[in-house]
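All letters in the sequence shown, in the order written, are residues 16 to 279 by our numbering. Structure first, commentary second.
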Amino acid sequence: MADDLNLIAISVGNSRTACALYEGGKREESERFGNAELPGLVEQMTAWWRRIADAPRAAIVLASVNAAIADRVALTLEDQLSVDVYRVSRDLPIPIGRQLEPETMTGPDRLLNAAAAFDTVKQACIIVDAGTAVTVDFVDGEGTFHGGAIAPGGSLQLNALHEHTAALPDVKFDAPDDEAFGRSTTQAMLHGVYHGIRGMIWRLVEQYAEAYGAYPMVIATGGDAELLFSHDELIDRIVPDLTLMGIAAAARHALVPDDADVRP
């Protein structure tokens, strides 16, 4: 990031919102809030904005896959801070090429993850985002996003099993035990979901590598990344806040053209 851009980056997800403060181009703090914790989020963003508001270059940039929550966050911040909140895709383009079907609408989180990953490694890579949903996407060596796969995440799968069956319990997503077989209903559910996600990703990575003709670097992110992949040899890097890094990359590309003053 340009060393004079001061930024609050906000990524509104399906269930959680992640935020980061950049001062002088350097990331200083980060926080996560449940999407029901709007007052706490606004209080923290207000404190951060007071730290950077008088800087020559300062901005708040928000990306979202949850429009209802994002609108509430943006409108509240604009009202309380008297500042325009930039919205990724609407106000700022995402700096990543795309090779997709015409009129395809891809979530900004996937594109931001791809932009951040390529901006970091400068080579072909596969990005696995494990959260409410699990996405597995491919970026080629020229920095072009080709799409990928979307599947339900661990908690979503377990919730579906509980809600759509008569006897399966409500189970919190976690790693299963080390037994080869799930010897209780809870463990059987955890084994199925946990190993099902990991196996799906192994197969998709193989498929992408076959199509590309080389084996790309695999980068994981998302709230469940550590749980799923901390001991998985397939994953080259775990980067917890890849989407926030993508927001920072979008801000750097769009808001710092030479000597422009980007303060709202």
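From the three backbone atoms N, C-alpha and C, an ideal C-beta is built for every residue, glycine too.
Rounded to whole angstroms, the Cβ separation of V27 and S104 is 13 Å, and the two are not in contact under 8 Å.
Note on Y223: 16 or more other CB atoms within 10 angstroms of its CB, so buried under the neighbour-count rule.
According to the DSSP assignment, A68 belongs to no alpha helix (DSSP H), since it is labelled neither H nor E. In this structure, the alpha-carbon of E225 lies about 17 Å from that of I250. One thing to note: L127 has its Cβ within 9 Å of the Cβ of G261.
For Y37, there is no enclosing alpha helix (DSSP H); the enclosing beta strand (DSSP E) has its first and last residue at R31 to E38.
Here D247 is not bridged, per DSSP, to any residue. DSSP lists I23 and V100 as the beta-bridge partner residues of I75.
Excluding sequence positions up to five before and after G214, its CB lies less than 6 Å from no other CB in the same chain.
A direct Cα-Cα distance of roughly 22 Å separates E248 from G156.
Here V76 has A24, Y101, I262 and A266 as same chain residues with Cβ atoms under 6 Å from its own Cβ, once five neighbours each way along the sequence are excluded.
Under the 10 Å beta carbon count, Q172 is surrounded by 16 or more other beta carbons and is classified as buried. Sequence-distant partners of G197 (beyond 5 residues in either direction) whose C-beta falls short of 8 Å from its own C-beta, in its chain, are P191, A203, M204, L205, H206 and G207. Its chain contains Y37, A74, V76, A263 and A266 as the residues whose beta carbon lies nearer than 7 Å to that of L22, once the 5 sequence neighbours on both sides are disregarded; these appear in chain order.
Spanning the alpha carbons of L243 and D69 requires a straight line of approximately 42 Å. Membership of F160 in the beta strand (DSSP E) is indicated by the continuous run T159 to P167. Counting the other Cβ atoms within 10 Å of the Cβ of L219 gives 16 or more, which makes it buried. Under the 10 Å beta carbon count, L90 is surrounded by fewer than 16 other beta carbons and is classified as exposed. Counting the other Cβ atoms within 10 Å of the Cβ of W63 gives 16 or more, which makes it buried.
At a Cβ-Cβ threshold of 9 Å, T150 and Q114 do not count as neighbours. For a cut-off of 8 Å, the C-beta gap from A145 to D239 is around 4 Å, short enough to register as a contact. Residue environment analysis places R72 among the buried positions, since at least 16 neighbouring C-beta atoms fall within 10 angstroms of its C-beta.
Of the candidates S170, T121 and C140, S170 places its Cα closest to the Cα of K187. DSSP, read as helix, strand or coil, puts G55 in helix.
Listed in chain order, the non-local C-beta contacts of I84 below 6 Å within the same chain comprise V27 and N50, local neighbours out to five positions each way being set aside.
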